[in-house]
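Colleague: Below are the structure tokens for one structure; questions will follow.
In the UniProt record's numbering, the protein residues as written are 1 to 348.
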């Protein structure tokens, strides 16, 4: 892609998110979300592969449906209450519609079906943008309207952790596994949203760091399915030794960074008297842990060539920058000891 066009599209992505962040009016927020969608579409379709075009079309249709629902709901709210401000969602009908529209935008279950299919059709770089940056603007809106419908958020959260764990069990494609991982993590964030928005933001931040590491590892190995991972030890032995730690951090095992948000969320849910919800969420985390362990096993405990139908790729030197990967890997593995400091910052 022409670097000038790429720069304009990335600027459009940044501007769309910033407009949504800065807006207090529903029309302006909607406009920011639309700019976000329109800026990423050329990035998704840039390789002109039939799968990429199909993924782009699916993404465009779902995002357009969500944006139309959002616009309709905010207009309904203005009609019922006379208010266009984002904070002034008092009527239950538009509040529920807006929450569901934003859930469709970020891919919360049961409105998640587009996310694995779309992510599977993209290259890893665009997939990374879709899994991280594109979640920011809708999340900012959910954070602002969250007091209005608490039961719906808990249902969405539990369903997402369940679907995110269950859906990834049978997958061999890494991008689909990462999509289900994304659904499960978003479920955890939404569960605690109404009780402690600061813990939600912390979870979002750690999810971004861990996902960045995972995508960069797969990109360095040029891996798109589990079988390709089995040959990665010959390309980057040190990184192959560290990758299971990154994956288990995504799964939320101590003493890795990914344990911190899960720990704080379970603690907060127990404080709010939602022990059954917390137990269910912790059990669904075991489902996710299974497929992260499966990836770790394929990477470090199978010697290629083995009886998997994996083709041995060419070992060409990668042109990818390793500094971002080194930084994000260190953060993915080592940030748990900072939990007391972060907890002190989070408590009002």
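Every residue, glycine too, gets a C-beta built ideally from N, C-alpha and C. Note that the structure is a prediction, hence the values are computed from the model and not measured.
1) Only counting the same chain, and skipping five residues up and downstream in sequence, which positions put a Cβ closer than 7 Å to that of residue 106?
2) What distance in whole Å lies between the Cβ atoms of residue 55 and residue 12, which are believed to be in contact at a cut-off of 8 Å?
3) Ignoring anything shorter than 4 residues or poking outside the region 235-312, list the alpha helix (DSSP H) runs there in chain order.
4) List the residues that DSSP assigns as beta-bridge partners of residue 85.
5) Using 10 angstroms around the beta-carbon of residue 51, count the other beta-carbons present and answer buried if the total reaches 16, otherwise exposed.
6) So residue 93 packs on residue 76, CB below 8 Å; how close in whole Å?
7) Just the Cα atoms here: how many angstroms apart are residue 307 and residue 230?
8) What alpha helix (DSSP H) runs, 4 residues minimum, are completely inside the region 142-174?
9) Nearest to residue 266 by alpha carbon, out of 281, 190, 4, 241?
10) Report yes if the C-beta distance between residue 175 and residue 250 is below 7 Å; otherwise report no.
11) Does DSSP put residue 2 in a helix, a strand or coil?
12) Residue range of the alpha helix (DSSP H) that residue 94 falls in?
13) Mark residue 40 as exposed unless 16 or more other C-beta atoms lie within 10 angstroms of its C-beta, in which case mark it buried.
14) Is residue 195 near residue 272, with beta carbons less than 7 Å apart?
15) Along the chain, where does the alpha helix (DSSP H) containing residue 347 start, and where does it finish?
16) Identify, in the order they occur along the chain, each residue of the same chain with its Cβ nearer than 6 Å to the Cβ of residue 269, setting aside the five sequence neighbours on each side.
17) Over what stretch of residues does the alpha helix (DSSP H) that includes residue 218 continue unbroken?
18) For the 8 Å Cβ check, are there 3 or more pairs between the region 84-99 and the region 25-35?
19) Who does residue 225 pair with in a DSSP beta bridge?
20) If contacts are defined as beta-carbon pairs under 8 Å, then residue 199 and residue 332 qualify, I think. What distance do you get, rounded to the angstrom?
21) Would you kindly work out how many angstroms separate the C-alpha atoms of residue 164 and residue 112, rounded to a whole number?
22) Which word fits residue 147, buried or exposed, when buried means at least 16 other C-beta atoms lie within 10 angstroms of its C-beta?
23) Would you tell me roughly how many angstroms separate the C-alpha atoms of residue 324 and residue 21, rounded to the nearest one?
24) For residue 216, which option in 242, 234, 201 has the closest C-alpha, if you only look at C-alpha atoms?
25) Measure the alpha-carbon distance for residue 156 versus residue 57 and round it to whole angstroms.
26) In this structure, how does DSSP classify residue 48 when only helix, strand and coil are distinguished?
27) Quick check on DSSP: helix, strand or coil for residue 121?
28) Count the other C-beta atoms from every protein chain shown that fall within 10 angstroms of the C-beta of residue 226, then say buried if there are 16 or more, exposed otherwise.
29) So for residue 318, helix, strand or coil by DSSP?
Modeller: Reading it off the structure:
1) So the list reads 135, 138, 139, 186, once near-sequence residues are dropped.
2) About 19 Å separates the two Cβ atoms, so there is no contact after all.
3) With a minimum length of 4 residues, the continuous alpha helix (DSSP H) runs that stay inside the region 235-312 are 237-251, 259-271, 275-300.
4) Residue 85 is bridged by DSSP to 25.
5) By the 10 Å Cβ count, residue 51 comes out exposed.
6) The pair is a contact, with the Cβ atoms about 7 Å apart (cut-off 8 Å).
7) For residue 307, the predicted model reports a pLDDT of 48, less than 50, meaning its position is unreliable; a value from the coordinates is still stated below. Roughly 11 Å separates the two Cα atoms.
8) When DSSP assignments are scanned along the region 142-174, the uninterrupted stretches of alpha helix (DSSP H) that are 4 or more residues long and fall wholly within it turn out to be 150-167.
9) When each option's Cα is compared against that of residue 266, the closest is 281.
10) In this structure, the beta-carbon distance from residue 175 to residue 250 does not fall below 7 Å.
11) Three-state result, residue 2: coil.
12) Run containing residue 94: 92-106, per the alpha helix (DSSP H) assignment.
13) Counting every other CB atom within 10 Å of its CB across the protein chains shown gives residue 40 a total of 16 or more, marking it as buried.
14) Closer than 7 Å, so yes.
15) Under the DSSP assignment, residue 347 falls outside any alpha helix (DSSP H); it carries neither an H nor an E label.
16) Exclusion of the five residues before and after residue 269 leaves 277, 278 as the residues of its chain whose Cβ lies within less than 6 Å of its Cβ.
17) Element bounds for residue 218: 197-221.
18) Segments in contact, yes.
19) The secondary-structure analysis by DSSP pairs residue 225 across a beta bridge with 173.
20) Separation of the CB atoms of residue 199 and residue 332 is rounded to 19 Å, and the pair is thereby denied contact status at 8 Å.
21) Going by the C-alpha atoms only, they are around 9 Å apart.
22) Its Cβ having fewer than 16 others within 10 Å, residue 147 is exposed.
23) Residue 324 and residue 21: Cα-Cα distance of roughly 26 Å.
24) Taking the Cα of residue 216 as reference, the smallest distance to any Cα among 242, 234, 201 is reached at 242.
25) Computed Cα separation, rounded: 25 Å.
26) Looking at residue 48 - three-state DSSP - the assignment turns out to be coil, as it is neither helix nor strand.
27) In this structure, residue 121 counts as coil in the three-state DSSP scheme.
28) Looking at its Cβ environment, which holds 16 or more other Cβ atoms inside 10 Å, residue 226 is buried.
29) If DSSP states are grouped into helix, strand and coil, residue 318 belongs with coil.
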